[in-house]
Amino acid sequence: MPDISGSETSAILPIQRLSDGLPIYTDPEEPTFLMTQYTPIYFVIGSFFVNLLGFEGHEVHKIFLLSRLISITFTLLACAVVWYVLYKRTNKNVLLSSLATFFIYQVLAFWFLTSSRPDSLLVLSFSLFVCSAFKALDQKNDKSLWWIAAIFFAVTSFFIKQSGAIHAISLGLFLIYTKQWKIFLKVLGFGILFFTAYLFVLPTSSMDVFFTNIIGGVANSVSWGWFYDWTLEKLLLQFAPLLAINFAIAGISLTRRDNLYYQFLAICSILLFILSSSAAFKVGAGVGYFQTYLVASVILITMFIHEKKDEFQLKNILNISVVNTYLVLVAVHCILFVYDRYTKSNLNFFTAQYIEQRDIARFLSEEKNLKDSEYVYICQPDNFNGYYLNHFLYKNSLVPFPDIVYLADKNKTFDFKELNKLVATNRIKYVVSEKHKEPVTILGQPFTKLNKIYSTERLDVYQGY
Numbered sequence: 145m146p147d148i149s150g151s152e153t154s155a156i157l158p159i160q161r162l163s164d165g166l167p168i169y170t171d172p173e174e175p176t177f178l179m180t181q182y183t184p185i186y187f188v189i190g191s192f193f194v195n196l197l198g199f200e201g202h203e204v205h206k207i208f209l210l211s212r213l214i215s216i217t218f219t220l221l222a223c224a225v226v227w228y229v230l231y232k233r234t235n236k237n238v239l240l241s242s243l244a245t246f247f248i249y250q251v252l253a254f255w256f257l258t259s260s261r262p263d264s265l266l267v268l269s270f271s272l273f274v275c276s277a278f279k280a281l282d283q284k285n286d287k288s289l290w291w292i293a294a295i296f297f298a299v300t301s302f303f304i305k306q307s308g309a310i311h312a313i314s315l316g317l318f319l320i321y322t323k324q325w326k327i328f329l330k331v332l333g334f335g336i337l338f339f340t341a342y343l344f345v346l347p348t349s350s351m352d353v354f355f356t357n358i359i360g361g362v363a364n365s366v367s368w369g370w371f372y373d374w375t376l377e378k379l380l381l382q383f384a385p386l387l388a389i390n391f392a393i394a395g396i397s398l399t400r401r402d403n404l405y406y407q408f409l410a411i412c413s414i415l416l417f418i419l420s421s422s423a424a425f426k427v428g429a430g431v432g433y434f435q436t437y438l439v440a441s442v443i444l445i446t447m448f449i450h451e452k453k454d455e456f457q458l459k460n461i462l463n464i465s466v467v468n469t470y471l472v473l474v475a476v477h478c479i480l481f482v483y484d485r486y487t488k489s490n491l492n493f494f495t496a497q498y499i500e501q502r503d504i505a506r507f508l509s510e511e512k513n514l515k516d517s518e519y520v521y522i523c524q525p526d527n528f529n530g531y532y533l534n535h536f537l538y539k540n541s542l543v544p545f546p547d548i549v550y551l552a553d554k555n556k557t558f559d560f561k562e563l564n565k566l567v568a569t570n571r572i573k574y575v576v577s578e579k580h581k582e583p584v585t586i587l588g589q590p591f592t593k594l595n596k597i598y599s600t601e602r603l604d605v606y607q608g609y
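Mapping to this note's numbering: the sequence shown position 371 is 515, numbers consecutive.
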């Protein structure tokens, strides 16, 4: 499929630009009206491997596959870390640790966002954050270096995806709640140090432009309908038992002064659920926002089951059969859903689109000698028409994320008068539109003085000046 998660382009385009030495954070009100929504660590890693393997920025298919391979690797590593944490916390219970980890992997694979975007690295960072915090609690020492490791992974999470800021907040609230003031001050100091270092080391451009992108780029409209379709229906109906059990255990854990591990996970899971639920009302959000909450809740529930297994009145064989049955049902559901998703997709249709749009890019580059300074506007209708052109022409494409620009204009987050000026003064060199349809911008402004110079089965190419 061209876009496994529905929003994969937000990861691929920054990787292309960064691998070619182009800035990924620019003024969204100036051409090319690019808005990079997320913080840059995943893009840095992706561009590193693009350059290492010798890929060119216009080799779109290779970069898509590379990004997915990187994401799947991060997801598997995250599951390995979770298994290690559970193995240690359940007195080396291999079966229970493996079942819980397999459950997490099934759900993460089921939520496509994790296997194709920075979310995969965020889950890995969160898993390492929990592992470091547990190691620090094991040592029962204010001077433990594991506290520094924990805040390092927490700050790193923010620079993977800005929602990762909740990890550092969770750690701080836990230390305040448990009145560990010395550790809190140490963690705060190192957190500021790591945050400052990342700002200087990573390709963030200026601080003003960086924060304008990562804040304004996600300031989308709130929609109850979107929340129901993409979160409520896909989370509560399928994972209601998990949510109910987690809330019950988290509530009990907050009152247990004798077990800091439970309190830490309870605070993390509650804050993660609140943040994820709030963010899920945003247009463009999805159930994948709950992935770090999933990890925290499963670790907490698994630890609780292991600790209380001897207190259960039911026989062990019944306990095991109930847990196994639930996990098998989840696995079957997730596998069948993914299988059904792919079997219903017309892959030949998407392949034809890729080839068609690659040919248009070659026509503009080779026959029309497209220069880096010339702009191309791609009118993107449904069914991925024109989708790949933004990637083939990543140096020239105006408004590469039209949905973000549309919402930002609707909400008055940014002023796109410069885009309207470019159209009105005919300063856009080429325009690509759906065949036999009048080209208009995402803001509804029609183009004028265009001459059709090339056509394919689905798209028309126009020249402006």
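Where is the CB? At the ideal position from N, CA and C, for every residue including glycine.
- Within the model, the alpha-carbon separation for Lys284 versus Leu220 is close to 30 Å.
- Just measuring C-alpha positions, the residue of Ile445, Gln589, Pro583, Gly588 sitting nearest Val605 is Pro583.
- When secondary structure is reduced to three states using DSSP, Gln524 falls in the coil class, being assigned neither helix nor strand.
- With respect to the C-alpha of Leu319, the residue from Val331, Gly308, Ala309 having the closest C-alpha is Val331.
- Annotation for Tyr342: Phe303 place their beta carbon closer than 6 Å to its own, counting only its chain and skipping 5 residues before and after.
- By the CB criterion at 8 Å, Phe448 and Ile393 fall inside the cutoff.
- For Ser599, no alpha helix (DSSP H) segment is defined; the enclosing uninterrupted segment is the beta strand (DSSP E) at 595-599.
- The Cβ-Cβ distance between Lys573 and Gln607 falls below 8 Å.
- For the 8 Å CB-CB criterion, Arg212 and Ser242 do not form a contact.
- Distance from the CA of Ala312 to the CA of Thr217, rounded to the nearest whole angstrom, comes to 24 Å.
- Look at the segment 239-278 and you find no whole run of alpha helix (DSSP H) that is 4 residues long or longer.
- The beta carbons of Ala298 and Thr446 sit no closer together than 8 Å.
- Per DSSP, Leu603 lies in no alpha helix (DSSP H); the unbroken beta strand (DSSP E) holding it starts and ends at 603-607.
- When DSSP reads this structure, Leu542 sits in a beta bridge with Tyr521.
- Inclusion of Pro184 and Pro347 in the CB contact set at 8 Å is warranted, their separation being smaller than that value.
- Contact check between the segment 195-211 and the segment 246-258: fewer than three CB pairs, one atom from each, fall below 8 Å, which does not count as touching.
- In the three-state scheme derived from DSSP, where H, G and I count as helix and E and B as strand, Pro158 is classed as helix.
- Judged by DSSP secondary structure, Ser577 falls within the beta strand (DSSP E) whose first and last residues are 574-578.
- Taken through DSSP and simplified to helix, strand or coil, Lys326 comes out as helix.
- With the rule of 3 Cβ pairs closer than 8 Å, the segment 163-175 counts as touching the segment 546-566.
- Assignment of Lys554 by DSSP, reduced to helix, strand and coil, places it in the helix class.
- Per DSSP, reduced to three states, the secondary structure at Lys232 is helical.
- For the pair of segments examined, the segment 435-444 was found to touch the segment 403-416: the number of CB pairs separated by less than 8 Å reaches three.
- The bridge partners DSSP lists for Val442 come to none.
- Out of Lys581, Tyr609, Phe558, Lys596, the CA that lies nearest to the CA of Asn570 is found in Tyr609.
- In the three-state scheme derived from DSSP, where H, G and I count as helix and E and B as strand, Pro175 is classed as coil.
- For Ser413, the enclosing alpha helix (DSSP H) stretches over residues 404-423.
- Residue environment analysis places Met179 among the buried positions, since at least 16 neighbouring C-beta atoms fall within 10 angstroms of its C-beta.
- For His535, the closest alpha carbon among the candidates Leu157, Asp147, Phe246, Glu152 is that of Leu157.
- By DSSP's assignment, Val584 forms a beta bridge with Pro590.
- Under the three-state reduction of DSSP, Lys426 is assigned to strand.
- Within the model, the alpha-carbon separation for Leu603 versus Leu337 is close to 51 Å.
- Per DSSP, Phe187 is one residue of the alpha helix (DSSP H) stretching across 185-196.
- In this structure, Val274 is the residue among Ala568, Val274, Ala155 with its C-alpha nearest to the C-alpha of Ile292.
- According to the DSSP assignment, Phe296 belongs to the alpha helix (DSSP H) that extends over 289-302.
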